[in-house]
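Asks: In the numbering used here, the protein residues as written are 734 to 1052. Quick reminder that beta carbons are idealized off the backbone N, C-alpha and C, glycines included.
#1: To the nearest angstrom, how far is it from the Cα of residue 997 to the Cα of residue 920?
#2: What do you get for residue 886, buried or exposed, if any count of 16 or more other CB atoms within 10 angstroms of its CB means buried?
#3: Any idea which residues DSSP pairs residue 966 with across the strands?
#4: Secondary structure at residue 828, three-state DSSP: helix, strand or coil?
#5: Throw me the rounded Cβ distance for the residue 806 and residue 768 pair, which I believe falls under 8 Å.
#6: Any idea if residue 915 is buried or exposed, counting beta-carbon neighbours within 10 angstroms, 16 or more meaning buried?
#7: Please look up how many angstroms separate the CB atoms of residue 745 and residue 1034, rounded, as I've assumed it's under 8 Å.
#8: Do you know how far the Cα of residue 1020 is from the Cα of residue 803?
#9: Going by DSSP in three states, residue 1042 sits in which element: helix, strand or coil?
#10: Please state whether DSSP places residue 870 in a helix, a strand or coil.
#11: Going by other Cβ atoms of all chains shown within 10 Å of its Cβ, with 16 needed for buried, is residue 932 buried or exposed?
#12: Considering only their Cβ atoms, is the gap separating residue 889 from residue 1003 smaller than 9 Å?
#13: When you compare only the Cα positions, how much space is there between residue 949 and residue 1009?
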């Protein structure tokens, strides 16, 4: 099979299209013929090996050499002990541990998979698992009437988060670059901020801050929080993450604010609900651009430059 492989951390120039052996599913796994895969920030970070926590797969060189976590396709083989799925099933899921989406076939554990809703295209289904799980879990504690700020709201997770929070009755302030402000308003954000012009930590107060690209000090976040407010880091620098769980814990004890890092739970139960919302027409999926399989490096570069409105999808084969 063909696959985009990288042997060391760096730019998209490290990616090479190669012929590699088709993987064989083991116990509790299936082999998926990939139809579509979406690009996530985790792919970009794993390619670059930055922030530091992106090197969990290998300190000096990546052990998993094919990126692509969010996969939608058809099962073509099943391993021992698999129940609930069979050859021919249309499925989708987040293969965050094994990746492999930037290839013609990928092995996935059945625990990461869910049947693809018939109302969703393969491209749409591929946008949901990782971004949807993040969005649902990040706002899980939000309540109607609360003021929510989302930094990095114009991408995949953020675009879902805005819609889910508005549906909950929260007042949403969305932060991103100027090119994304109208897009975020169209998703329902009540207020938008261009981070290049306004320091959002000098606005507020907010009941909940969710930062998808955190790199500010804990004290700056505290300034923007209201009484008993909460700041949740989803992505960002390693330094900010460490300070969030150390300094943030101490500061929270003194000020009654709460600081933390979202560790996303995996599995179909964490993204199926968002797919159901989409199938019912209650949320939109915005795919900014689709790229053919031979242009995976371009898809990653486009996403990594922060220009995408919503999601970027790679079409591996015709559905």
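Replies: Short version:
#1: Between residue 997 and residue 920, the alpha-carbon positions lie close to 24 Å from each other.
#2: So residue 886 ends up on the buried side.
#3: Answer is 944, 994, bridged to residue 966.
#4: In the structure shown, residue 828 sits in coil (DSSP, three-state: anything other than H, G, I, E or B).
#5: Contact between residue 806 and residue 768 is confirmed by a C-beta separation of about 4 Å, below the 8 Å threshold.
#6: With fewer than 16 other Cβ atoms within 10 Å, it is exposed.
#7: Yes, residue 745 and residue 1034 are in contact; Cβ-Cβ is about 5 Å, under 8 Å.
#8: Rounded to the nearest angstrom, the two C-alpha atoms are 14 Å apart.
#9: In the structure shown, residue 1042 sits in coil (DSSP, three-state: anything other than H, G, I, E or B).
#10: In this structure, residue 870 counts as helix in the three-state DSSP scheme.
#11: Exposed.
#12: For residue 1003 and residue 889, no; Cβs fall outside 9 Å.
#13: Roughly 35 Å between the two C-alpha positions.
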